[in-house]
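Participant:
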Amino acid sequence: MKQVWCSWRISHTDWRKTQCRRDSVWALRRQRAGSSLVLKVFELCSRGVKMLQQILVDMYIEPELLAELNEEQKQILFFKMREEQIRRWREREAQLEREEAARVKVKKGKTVSWMKGLDDDVWVWVMGEHPDDKPYDQICDEVMAERAALQAQREAEQLRAKKAAELEKRFSGLHLEPEQVVLSEQEVRQKEQRRAEEELKKLELEERRKAEEELRRLEQERKQQIYISLKEVQGSKHTREEEEDKEWQNTLQKSKAADMRRRSLAKQTIEDHRRRSVRALERGRVAAMTKAFGSTNPAPAPKPRNTTNNSNAIRRKGGMRRSLSASSRDHIIRWFKEEQLPLRAGFQRDQSRIAPWFHGIISREEAEALLEEGEPGFFLVRVSERVFGYVLSYRSSEGIKHLLIDASESCYMLLGDQIRFSSLTELLEYHQVEPLSSSGVEEYLRRACGQKAATADYTDLFT
Numbered sequence: 001m002k003q004v005w006c007s008w009r010i011s012h013t014d015w016r017k018t019q020c021r022r023d024s025v026w027a028l029r030r031q032r033a034g035s036s037l038v039l040k041v042f043e044l045c046s047r048g049v050k051m052l053q054q055i056l057v058d059m060y061i062e063p064e065l066l067a068e069l070n071e072e073q074k075q076i077l078f079f080k081m082r083e084e085q086i087r088r089w090r091e092r093e094a095q096l097e098r099e100e101a102a103r104v105k106v107k108k109g110k111t112v113s114w115m116k117g118l119d120d121d122v123w124v125w126v127m128g129e130h131p132d133d134k135p136y137d138q139i140c141d142e143v144m145a146e147r148a149a150l151q152a153q154r155e156a157e158q159l160r161a162k163k164a165a166e167l168e169k170r171f172s173g174l175h176l177e178p179e180q181v182v183l184s185e186q187e188v189r190q191k192e193q194r195r196a197e198e199e200l201k202k203l204e205l206e207e208r209r210k211a212e213e214e215l216r217r218l219e220q221e222r223k224q225q226i227y228i229s230l231k232e233v234q235g236s237k238h239t240r241e242e243e244e245d246k247e248w249q250n251t252l253q254k255s256k257a258a259d260m261r262r263r264s265l266a267k268q269t270i271e272d273h274r275r276r277s278v279r280a281l282e283r284g285r286v287a288a289m290t291k292a293f294g295s296t297n298p299a300p301a302p303k304p305r306n307t308t309n310n311s312n313a314i315r316r317k318g319g320m321r322r323s324l325s326a327s328s329r330d331h332i333i334r335w336f337k338e339e340q341l342p343l344r345a346g347f348q349r350d351q352s353r354i355a356p357w358f359h360g361i362i363s364r365e366e367a368e369a370l371l372e373e374g375e376p377g378f379f380l381v382r383v384s385e386r387v388f389g390y391v392l393s394y395r396s397s398e399g400i401k402h403l404l405i406d407a408s409e410s411c412y413m414l415l416g417d418q419i420r421f422s423s424l425t426e427l428l429e430y431h432q433v434e435p436l437s438s439s440g441v442e443e444y445l446r447r448a449c450g451q452k453a454a455t456a457d458y459t460d461l462f463t
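Counted from 1, the sequence shown has number 121 at position 121 by full-length UniProt numbering; the numbering is strictly sequential.
(1) Does DSSP put Ala448 in a helix, a strand or coil?
(2) Can you look up Val112 in the DSSP assignment and give me helix, strand or coil?
(3) To the nearest angstrom, how far is the alpha carbon of Ala102 from that of Arg92?
(4) Residues in the same chain with beta-carbon distance under 6 Å from Ser397, minus the five sequence neighbours each way, listed in chain order, please.
(5) Contact check, Leu404 vs Ser393 under 8 Å by CB: the rounded distance?
(6) Tell me the residue span of the beta strand (DSSP E) that contains Ser393.
(7) Do you know offhand how far Leu424's Cα is from Ala367's?
(8) Residues in the same chain with beta-carbon distance under 8 Å from Met115, minus the five sequence neighbours each way, listed in chain order, please.
(9) Give me the Cα-Cα distance between Glu99 and Leu69, rounded to the nearest whole angstrom.
(10) Over what stretch of residues does the beta strand (DSSP E) that includes Arg382 continue unbroken?
(11) Which stretch, first to last residue, makes up the beta strand (DSSP E) that contains Lys401?
(12) When the distance is taken between beta carbons, is Arg147 closer than 8 Å to Leu230?
(13) Could you work out which residue in Lys74, Leu77 and Leu56 is closest to Arg87 when comparing CA atoms only?
(14) Quick one: measure Cβ to Cβ for Phe336 and Leu461, integer angstroms, because I've assumed they're closer than 8 Å.
(15) Between the alpha carbons of residue 466 and Val383, how many angstroms are there, rounded?
(16) Specify the secondary structure class of Tyr227 as computed by DSSP and reduced to three states.
(17) What number of angstroms, rounded off, separates the C-alpha of Arg160 from the C-alpha of Gln151?
(18) Assuming the contact rule is C-beta atoms closer than 8 Å, Ile362 and Asp457 should be a hit. Round their C-beta distance to whole Å, please.
(19) Need the endpoints of the beta strand (DSSP E) that Phe358 sits in, please.
(20) Which partner residues does Val233 have in the DSSP bridge list?
(21) Can you name the residues that DSSP bridges to Met413?
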């Protein structure tokens with residue numbers, strides 16, 4: 001038994017050793033496999049880092065490679081590329097700053113220094129203040145004369161050189177040369193040669209003298225011409241400046257006058273509106289008191305005038321009448337009878353009879369015909385042929401004008417005005433003392449235009 005136990009123990013020990021060796025081998029294999037995997041991962045990472053570095057260096061990635069990246073990898077790549085751009089920009093800015101700091105500014109040789117006076121301030125010369133100073137016109141004349149003289153002198157020098165060249169070319173071939181004289185006739189011809197040379201010299205001197213005098217004369221004439229032309233240019237310049245200055249002054253005065261007129265007109269408009277408002281309030285109070293203390297019995301309806309003609313016939317000028325549809329005229333007549341007649345529209349203030357300025361439904365041409373022979377301020381009020389309201393027609397210095405009167409809300413006011421009146425009579429009396437418009441032209445109502453035909457034109461409104 002003991003022997004069997006020992007053998008089993010030995011075999012178990014061997015098995016454990018074998019198992020340990022096997023585990024060691026597997027551990028070694030796993031370690032080697034892990035190290036190779038780490039190497040592969042490191043190699044891949046190093047390849048990825050190199051690829052990223054190359055992309056950042058070139059700032060470019062292949063489209064095929066970009067398509068294989070997911071959205072997160074693309075955003076990381078774009079972020080890295082943007083960081084690289086910012087880094088490069090900062091490096092370039094820093095390099096430029098270092099180069100500018102290292103660059104030494106080269107000082108120019110030319111400098112400007114101001115002359116200073118006794119008060120250690122810049123010396124200033126005001127032309128014309130010193131007694132010895134010349135007038136400005138005299139200085140300008142001297143400068144122009146100097147310029148003209150210099151220009152004439154330059155032109156004379158050019159002409160003088162040209163004349164000298166011509167004379168040199170003219171007399172150069174006439175000089176006798178000694179080599180051409182025959183030795184046998186030397187004594188005879190020497191005298192002739194000297195005489196000819198003297199004559200040529202005299203002729204040349206005479207020509208040069210005449211040319212010099214001509215040049216001086218031309219120089220003086222040219223100088224005078226240049227001076228006159230400069231003077232004319234300066235005079236035209238001064239004249240043009242004076243004309244421009246005068247035109248600018250006229251424009252400025254007109255602008256100031258227009259501004260003053262606008263301010264005056266605005267002030268007058270405000271005053272007129274305030275005065276109108278105050279008078280309208282006063283007239284409203286008087287009208288209210290009159291209604292409160294007046295008689296309560298309404299005035300009788302007006303009687304139409306006794307005429308021998310038909311009541312519906314209205315005499316008009318031929319060719320001036322405008323057609324009205326029966327329905328619109330009937331509507332206006334019904335409106336007047338139902339709404340305006342209870343308000344006693346068209347009556348005088350005491351409501352005893354119809355006012356002379358009131359007219360019925362007449363056209364614009366008929367109203368102008370009635371007002372044609374009147375003076376400025378001649379007016380009438382007619383019932384509008386198109387709307388439920390009235391029209392104030394009056395004659396002004398510019399012609400006949402027509403203003404629409406709004407009759408809504410049981411009150412009366414000119415269209416565009418803010419002052420309301422309780423009756424047409426109050427409106428007309430108000431504008432007999434106050435102008436009709438605030439445009440600067442004062443137009444008042446002076447005299448009423450009554451009926452001129454045998455039959456009143458408002459008969460159909462009261463029957």
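Ideal placement from N, C-alpha and C gives every residue a C-beta, glycine not left out. Small disclaimer: the values here were computed from a predicted structure and weren't measured.
Facilitator: From the atom records:
(1) Here Ala448 sits in strand by DSSP.
(2) Three-state DSSP puts Val112 in coil, outside helix and strand.
(3) In this model, Ala102 and Arg92 are separated by some 15 Å (Cα to Cα).
(4) Same-chain partners within the cutoff: Pro376.
(5) That belief does not hold up - the Cβ atoms of Leu404 and Ser393 are roughly 10 Å apart, past 8 Å.
(6) Per DSSP, Ser393 belongs to the beta strand (DSSP E) from Gly389 to Ser396.
(7) Each residue's alpha carbon lies about 18 Å from the other.
(8) Apart from sequence neighbours up to five positions away, the residues of its chain that approach Met115 with a beta-carbon distance below 8 Å are Val122 and Trp123, ordered along the chain.
(9) Cα to Cα, the separation comes out at about 42 Å.
(10) From DSSP, the beta strand (DSSP E) with Arg382 extends over Phe378 to Val383.
(11) Annotation for Lys401: the continuous beta strand (DSSP E) segment containing it runs Gly399 to Asp406.
(12) In this structure, Arg147 lies closer than 8 Å to Leu230 by Cβ.
(13) Nearest option by C-alpha distance: Leu56.
(14) With a contact defined as Cβ atoms closer than 8 Å, Phe336 and Leu461 qualify at about 5 Å.
(15) Here the chain comprises residues numbered 1 to 463, so residue 466 is not present and cannot be evaluated.
(16) Residue state, collapsed to three classes: helix.
(17) Answer to the nearest angstrom: the Cα atoms are 14 Å apart.
(18) At roughly 5 Å, the Cβ-Cβ gap stays under 8 Å, so Ile362 and Asp457 are in contact.
(19) Where Phe358 is concerned, the enclosing beta strand (DSSP E) stretches over Phe358 to Ile361.
(20) The partner list for Val233 (beta bridge, DSSP) is empty, contrary to what the question assumes.
(21) For Met413, DSSP records a beta bridge to Asp406.
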